[in-house]
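What follows is a short report on a single structure.
Protein chains in written order, with the working numbering: chain D, 1 to 160; chain A, 161 to 320; chain G, 321 to 480; chain H, 481 to 640; chain X, 641 to 800; chain F, 801 to 960.
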């Protein structure tokens, strides 16, 4: 199983905000955006691992700006980092007013996925080859987030 | 605007996992669960604030166990803490095998919501009255999480 | 198979009325409410019988008040009565204006479900243990409704 | 407002049973069928009254046969009877195995609708002109069901 | 396998335009109408062939008039022509303003379907028996469209 | 209103095939693919015109290969050609087996959209600037398709 470049896992997803996605202000539900983030990230993790995957966790998520009905939501996902059986996927969400053409950064998310065998057991994933400067920087930052996550989870289980 | 007890904001939500909620393993998408969490939490925040609300953020979320098609998902939400215009809502998600009756802790989530006026401006929310020991403990823990969030957001903006 | 208390079958379900649930008045379709009633009741019947179930019938249903977009709908279901292979489930539906906090009784429904084996054959269900005064009253009323149903079905088949 | 023939209100609706409509047996949810019945009947009542309408009630409903994924569901609705501001609509539901071509009677339903003005107040509806023998028979039976409904509602409110 | 009359394949489908089907003008998406056309036509082709079917192609489609939220869409489909393993289905789409009762021709579509065996291989379909003058005319026109399609596909592959 | 390059209108859309999108073979409905094509193309036309748009027509569409549940569908859309108030958008649809990574050309579609003012009247759109050789070739081919379309529509109305 040879290493794969980050570029192999890039996913571009575009959604139009329909009435059924919106609350009483005509702005999109947070949960709808999370749902799109999860799908885009899962496709990215599948591309890297050539395996079905399940979501293990999502880091904290801040919604920077409301997104309105009729607007277009652009999601860009790629794998940032891999450990033995898990992958961190980064997703950037931008909203676009389709009339003015203005674009707004809506949210950035980091999710971890586990690759599974047909029987649902975790399996090893190919190594990741960061090539550009940006990819190398994201690789390092993801390594750090992983340490934070393990640390927080430890804290969490001590309190439970 | 007098203070309101935590019990006023309790929401019980029950969902059945249908084929359209599941991936190729017959287990539910992470994003679908996030979407249910967001709805349950939004209803809780609306009850406390008697206002429409928007999701500002969600803390990191770990999926502990897969949930399968035909299973039942129980969500319980309540407001843990309020600051001037924002509220922290905690949501506990349990999955239930409807045949064996077994129940599994699936995820716990903390979301912050902002209450809005009719024109979409942030507005003050009533104070929160934690009554039981559990409610008081959750109030304190939520206060701490808020400090962490502000700290992380500061770190984040320094790096951006 | 030992008898089970009514409390074991209680289901609380909460739904938010979205644009896709509403007609041209912005009020929810009758059929959407019936659909929620059926899901809540099916979960309740599954809990009592530890079996998959199918809807056999629903008694007449009166919609007392319109329910508007953005409102919250609370459903409470429990098993009222069981005969050999079938169960009567009662569902009470209340709507809540999320801003004023006002609550309105919307509808009450009685459904019968049949428990099935893996091969889809009717199977016996555990006896029901009504404990509180309310549960005992509902048990008796359900017994009466059952007699009415059998009577009406007989009338119906004589005319067909 | 001149009287209108029954034939003016006939609605034929056809639905294909998709995975998202089905339970763990691959058979359609009772609530999904009720939802289709409500839509077909509402369109029929709108045609007769040239007004928006809301569902006031649905009589008891018996599911005669299960309907499976991939099958076709045919609904036929027409107005049976009108009083001042309300209409009874009858709906017959038949399921069709698309491969064998076999057809099965699934359910028959009677719903009452109220016609509304733009402001949501009940308004008078045109008289109904039953023409064929079947239409005249259905008109009489609907009159009787109306008497039963008023009687049951009276009983019901005495007990509440 | 004896020939079957056109009348055996007639499908009447009725849809109500809900908020989730509409764009920012409150008029229905072209893709939603195409989706309804495909379902109506697939049911018609299944009825003729007593087989599962897949869409092979759809001819060019012109949207004549916008259709608004709350309106009713009536689709009428029937098989026009069959060759060895494929069928041409014609679908006429009319929109109805439910208040004024006015009806508008929205689109006409021609789709070809292939009948499949259980293993997904193309299989022969029964011959078609056009009976009325209209059915005979449609049969001839469909034959001509088929020649055009084969011609265009040939042009297309020469350019690819 | 200055001319805009083709690159400004490029839309990349990615969809995952869920159970609710599929027929009894587990392959996606033709109408579902048409629906995605319409959304991708509408976003592209909106980007070029900075206006809301409605679908005027779609050329004939051939489905080359079945697409299965769990697969990923990639759509790429851009404006090929503009006349006074209308735009031709080309959409290429490729399916991807997420495990093997294989990609298959599924369909190519050409749609025309009309840009509208706030009141729903047709409005002029900016000129299109084809830059690359491919964009120039597509511009010429689209011009030819437009001539064909006008010719066919004329034929069609003579027969109606």
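All residues carry an ideal CB built from backbone N, CA and C; glycine is no exception.
Exercise for review: Starting from residue 437 (chain G), find everything on chain X with Cβ-Cβ shorter than 7 Å and list it in chain order.
Suggested key: Within the third chain, residue 437 (chain G) is the residue found at index 117, counting from 1. By Cβ distance, chain X contributes nothing, its closest Cβ being about 27 Å from residue 437 (chain G), past 7 Å.
Exercise for review: Out of A:296, A:161, A:187, A:248, state which residue places its alpha-carbon closest to the alpha-carbon of residue 177 (chain A).
Suggested key: As a working mapping, residue 177 (chain A) is identified with position 17 in the second chain. Looking at the Cα atoms, A:187 is the closest of the given residues.
Check your understanding: Taking contact to mean at least 3 C-beta pairs separated by less than 8 Å, is the stretch 352–363 of chain G in contact with the stretch 371–385 of chain G?
Key -> yes
Point to revise | Chain-ordered neighbours of residue 211 (chain A) on chain G, where CB pairs are closer than 7 Å | key: In the second chain, residue 211 (chain A) corresponds to position 51, counting from 1. Here the neighbours are 419.
Check your understanding: With which residues is residue 234 (chain A) paired in a DSSP beta bridge?
Key -> Position 74 of the second chain holds residue 234 (chain A). A:174, A:254, per the DSSP bridge assignment.
Exercise for review: Return yes when the Cβ of residue 494 (chain H) is within less than 7 Å of the Cβ of residue 545 (chain H), no when it is not.
Suggested key: Within the fourth chain, residue 545 (chain H) is the residue found at index 65, counting from 1. Within the fourth chain, residue 494 (chain H) is the residue found at index 14, counting from 1. Going by C-beta atoms, residue 545 (chain H) is not nearer than 7 Å to residue 494 (chain H).
Review point. Using the C-alpha atoms, what's the distance from residue 300 (chain A) back to residue 151 (chain D)?
Key: One-based indexing of the first chain puts residue 151 (chain D) at position 151. One-based indexing of the second chain puts residue 300 (chain A) at position 140. Each residue's Cα considered, the two are about 21 Å apart.
Exercise for review: Please decide whether residue 340 (chain G) counts as near chain X, where near means a Cβ-Cβ distance under 7 Å.
Suggested key: Counting from 1 along the third chain, the entry for residue 340 (chain G) is found at position 20. So yes, residue 340 (chain G) belongs to the interface.
Exercise for review: Tell whether a beta-carbon distance below 7 Å holds between residue 246 (chain A) and residue 277 (chain A).
Suggested key: As a working note, residue 246 (chain A) is residue 86 in the second chain. As a working note, residue 277 (chain A) is residue 117 in the second chain. Against a cut-off of 7 Å, the Cβ pair of residue 277 (chain A) and residue 246 (chain A) comes out as no contact.
Review point. Hey, how far is the Cα of residue 2 (chain D) from the Cα of residue 844 (chain F)?
Key: Residue mapping note: residue 2 (chain D) aligns to position 2 of the first chain, counting from 1. Residue mapping note: residue 844 (chain F) aligns to position 44 of the sixth chain, counting from 1. Cα-Cα distance, rounded: 38 Å.
Exercise for review: Determine the closest residue to residue 408 (chain G) out of G:342, G:473, G:368, G:341, with distance taken between C-alpha atoms.
Suggested key: Locating residue 408 (chain G) in the third chain gives position 88, where the first residue counts as 1. Minimum Cα distance to residue 408 (chain G) is reached at G:368.
Practice item. Flag this pair as yes or no: are the beta carbons of residue 936 (chain F) and residue 930 (chain F) separated by less than 7 Å? Key: Position 136 of the sixth chain, counting from 1, holds the residue named residue 936 (chain F). Position 130 of the sixth chain, counting from 1, holds the residue named residue 930 (chain F). Going by C-beta atoms, residue 936 (chain F) is nearer than 7 Å to residue 930 (chain F).
Practice item. Quick one: using the 10 Å Cβ neighbour count with 16 as the cut-off for buried, is residue 256 (chain A) buried or exposed? Key: As a position in the second chain, residue 256 (chain A) is number 96, starting the count at 1. Buried.
Practice item. Please go through the stretch 9–68 of chain D and give each complete alpha helix (DSSP H) segment of 4 or more residues, from N-terminal end onward. Key: 30–49
**Study point:** Backbone CA spacing between residue 123 (chain D) and residue 578 (chain H) [nearest angstrom]
**Key:** Here residue 123 (chain D) refers to the residue found at position 123 when the first chain is read from its first residue. Here residue 578 (chain H) refers to the residue found at position 98 when the fourth chain is read from its first residue. The straight-line gap from Cα to Cα measures roughly 42 Å.
Exercise for review: For residue 160 (chain D), count neighbouring Cβ atoms within 10 angstroms of its own Cβ and tell me buried if that reaches 16, exposed if not.
Suggested key: Counting from 1 along the first chain, the entry for residue 160 (chain D) is found at position 160. Unreliable placement is indicated for residue 160 (chain D), whose pLDDT of 45 sits below 50; the coordinate value is still reported in the next sentence. By the 10 Å Cβ count, residue 160 (chain D) comes out exposed.
Practice item. Could you tell me whether any Cβ in chain F is nearer than 7 Å to the Cβ of residue 184 (chain A)? Key: Position 24 of the second chain, counted from the start, is the residue given in the question as residue 184 (chain A). Yes, its Cβ sits closer than 7 Å to a Cβ of chain F.
Review point. Beta carbon of residue 595 (chain H), beta carbon of residue 531 (chain H): below 7 Å?
Key: Here residue 595 (chain H) refers to the residue found at position 115 of the fourth chain. Here residue 531 (chain H) refers to the residue found at position 51 of the fourth chain. Yes, Cβ-Cβ distance for residue 595 (chain H) and residue 531 (chain H) is below 7 Å.
Exercise for review: Tell me the start and end of each unbroken beta strand (DSSP E) in the stretch 398–471 of chain G that is at least 3 residues and wholly inside, in chain order.
Suggested key: 406–416, 423–435
Practice item. Output the distance between the C-alpha atoms of residue 90 (chain D) and residue 237 (chain A), rounded to the nearest integer angstrom. Key: Within the first chain, numbered from 1, the residue matching residue 90 (chain D) stands at position 90. Within the second chain, numbered from 1, the residue matching residue 237 (chain A) stands at position 77. Approximately 28 Å, taken between the alpha carbons.
Review point. Based on the DSSP secondary-structure assignment, which residues constitute the bridge partners of residue 644 (chain X)?
Key: Within the fifth chain, the letter at position 4 stands for residue 644 (chain X). Answer by DSSP bridge pairing, in chain order: X:768.
Exercise for review: Answer yes or no: does any C-beta atom of chain H fall closer than 7 Å to that of residue 784 (chain X)?
Suggested key: Working through the fifth chain from its first residue, we reach residue 784 (chain X) at position 144. No - not a single Cβ of chain H is within 7 Å of the one on residue 784 (chain X).
Point to revise | Exposure label - residue 56 (chain D); buried when at least 16 CB within 10 Å | key: Start at 1 with the first residue of the first chain, and residue 56 (chain D) comes out as number 56. Burial call: buried.
Check your understanding: Should residue 231 (chain A) be labelled buried (16 or more other beta-carbon atoms within 10 Å of its own) or exposed?
Key -> As a first step, residue 231 (chain A) is located in the second chain; it is residue number 71 there, counting from the start. So residue 231 (chain A) ends up on the buried side.
Check your understanding: If you count every other CB in all the chains shown that lies within 10 Å of the CB of residue 9 (chain D), and 16 or more means buried, which is it?
Key -> Here residue 9 (chain D) corresponds to residue number 9 of the first chain, with the count starting at 1. Buried: at least 16 other Cβ atoms inside 10 Å.
Review point. For a contact meaning CB atoms closer than 7 Å, what does residue 230 (chain A) contact in chain H?
Key: Locating residue 230 (chain A) in the second chain gives position 70, counting from the first residue. Neighbours of residue 230 (chain A) on chain H, chain order: 504.
Check your understanding: Are any of the Cβ atoms in chain G nearer than 7 Å to that of residue 159 (chain D)?
Key -> Taking the first residue of the first chain as position 1, residue 159 (chain D) is located at position 159. Because residue 159 (chain D) sits at a pLDDT of 49, beneath the cut-off of 50, its placement in the model cannot be relied upon, and the following sentence gives the value as read from the coordinates. So no, residue 159 (chain D) is outside the interface.
Exercise for review: Kindly list, in the order they appear in chain A, the residues whose Cβ is closer than 8 Å to that of residue 385 (chain G).
Suggested key: Along the third chain, read from residue 1 onward, the residue named residue 385 (chain G) stands at position 65. Those within 8 Å of residue 385 (chain G) in chain A number zero; the least Cβ separation is about 19 Å.
Point to revise | Listed by chain order, chain F residues near residue 685 (chain X) by CB distance under 7 Å | key: On the fifth chain, position 45 is the one that residue 685 (chain X) refers to. Within 7 Å Cβ-Cβ: nothing; residue 685 (chain X) doesn't reach chain F, min ~11 Å.
Point to revise | Partners in chain G for residue 507 (chain H), counting only beta-carbon separations shorter than 7 Å | key: Residue mapping note: residue 507 (chain H) aligns to position 27 of the fourth chain, counting from 1. Those are 374, listed as they occur along chain G.
**Study point:** Cα-Cα separation between residue 234 (chain A) and residue 681 (chain X), rounded to whole angstroms
**Key:** In the second chain, residue 234 (chain A) corresponds to position 74, counting from 1. In the fifth chain, residue 681 (chain X) corresponds to position 41, counting from 1. Rounded to whole angstroms, residue 234 (chain A) to residue 681 (chain X) spans 40 Å at the Cα level.
Check your understanding: Roughly how many whole angstroms lie between the Cα atoms of residue 925 (chain F) and residue 954 (chain F)?
Key -> Taking the first residue of the sixth chain as 1, we reach residue 925 (chain F) at position 125. Taking the first residue of the sixth chain as 1, we reach residue 954 (chain F) at position 154. Cα to Cα, the separation comes out at about 25 Å.
Review point. Quick one, which of G:350, G:468, G:453, G:424 has its alpha-carbon nearest residue 533 (chain H)'s?
Key: Your numbering for residue 533 (chain H) matches position 53 in the fourth chain. It is G:350 whose Cα lies nearest to the Cα of residue 533 (chain H).
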